[in-house]
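Just below is one structure, and these are the notes that go with it.
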Ligand SMILES: [Zn+2]
Ligand SMILES: [Zn+2]
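So, in structure tokens, the structure goes:
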């Protein structure tokens, strides 16, 4: 069984999310203590209750590129809002972000049928500014995993294995995540392991998701956050799209 080494956490929330409990500085400090090299701050979109207003995502210029030697990416976890795959932030704002994660939350997109969820997600990832699909294993949103993974592979998107889905949120995700990871492995795609931290001490907590990937012998070179170089290369590719 190959051991995974993870050097970055690309899905974390600050107080700006409305139900996050730490600051950017606290997240960076924990990342440093846990020997991570890269962190992305990905607060919720304005449509989530208590979420930040759109202007929050405008201020990239004020945001540090690095804190205490940790590379910091400024991004968002953007809600899919409808069956057409429209997103809660417009392209003009998405273009200002270093990293864009998309996901479903019941507060914004009430779960519907497997076909409609799948269609909404596939349309959302047609947007070239989207990088990562977050927590697709959520049992409240049944998806056609084969089609979703195929869409992600064709469009160069990364599929997240979300560690809090095994610990605190979205109960019942684990078996779905296993199926998704196996499908990504089969189709030769990419995954990223993220904490989805809402409190700083959760940053870099990957154990359950990491175990799952190790158990299915997922190829480490297809895990985005297994090297800083992977992450930089993947996110820098967007330079051409802006
Ligand atoms: Zn949240
Ligand atoms: Zn999140």
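Numbering (the numbering used here), first residue to last: 612 to 853.
Just so it is clear, CB atoms sit at the ideal spot from N, CA and C, and this is done for glycine as well.
### Query
Is the CB-CB distance between residue 805 and residue 773 below 8 Å?
yes
### Query
Is residue 620 near ligand 2, going by C-beta to nearest heavy atom under 7 Å?
no
### Message
Quick check on this structure: which residue in 842, 831, 623 has the alpha carbon closest to the alpha carbon of residue 656?
### Response
623
### Task
Consult DSSP for residue 681 and reduce its assignment to one of helix, strand or coil.
strand
### Query
On the three-state DSSP scale, how would you describe residue 729?
helix
#### Entry: Per-residue DSSP class, three states only, for residue 619
strand
### Query
When DSSP labels each residue in this structure, what does residue 670 get in the three-state scheme?
coil
#### Entry: Delimiting residues of the alpha helix (DSSP H) encompassing residue 642
635-644
### Task
Sort out for me which residues DSSP pairs residue 655 with in a bridge.
688
### Any heavy atom of ligand 2 within less than 5 Å of residue CB: hits in chain order
688, 807
### Query
Are the CB atoms of residue 615 and residue 665 nearer to each other than 8 Å?
no
### Query
Closest by CA to residue 587, which one among 719, 776, 728, 775?
Outside the shown range of the chain, which is 612 to 853, sits residue 587, and nothing can be said about it.
### Task
Mind reading off the beta-carbon distance from residue 711 to residue 692? Whole number of angstroms is fine, and I expect it under 8 Å.
Residue 711 to residue 692, Cβ: 14 Å. No contact.
### Message
According to DSSP, is residue 791 part of a helix, a strand, or is it coil?
### Response
helix
### Message
Among the candidates 733, 750, 790, whose CA atom is the shortest distance from the CA of residue 784?
### Response
750
### Task
Could you have a look at residue 808 and say whether DSSP puts it in helix, strand or coil?
strand
### Message
Rounding to the nearest angstrom, what Cα-Cα distance links residue 635 and residue 625 in this structure?
### Response
6 Å
### Task
May I ask you to check if the CB of residue 837 is nearer than 7 Å to at least one heavy atom of ligand 1?
no
### Distance between residue 726 and residue 846 (C-alpha atoms, nearest Å)
30 Å
### Query
Where does residue 769 fall in DSSP's three states?
strand
#### Entry: Boundaries of the beta strand (DSSP E) in which residue 714 is found, first to last residue
710-714
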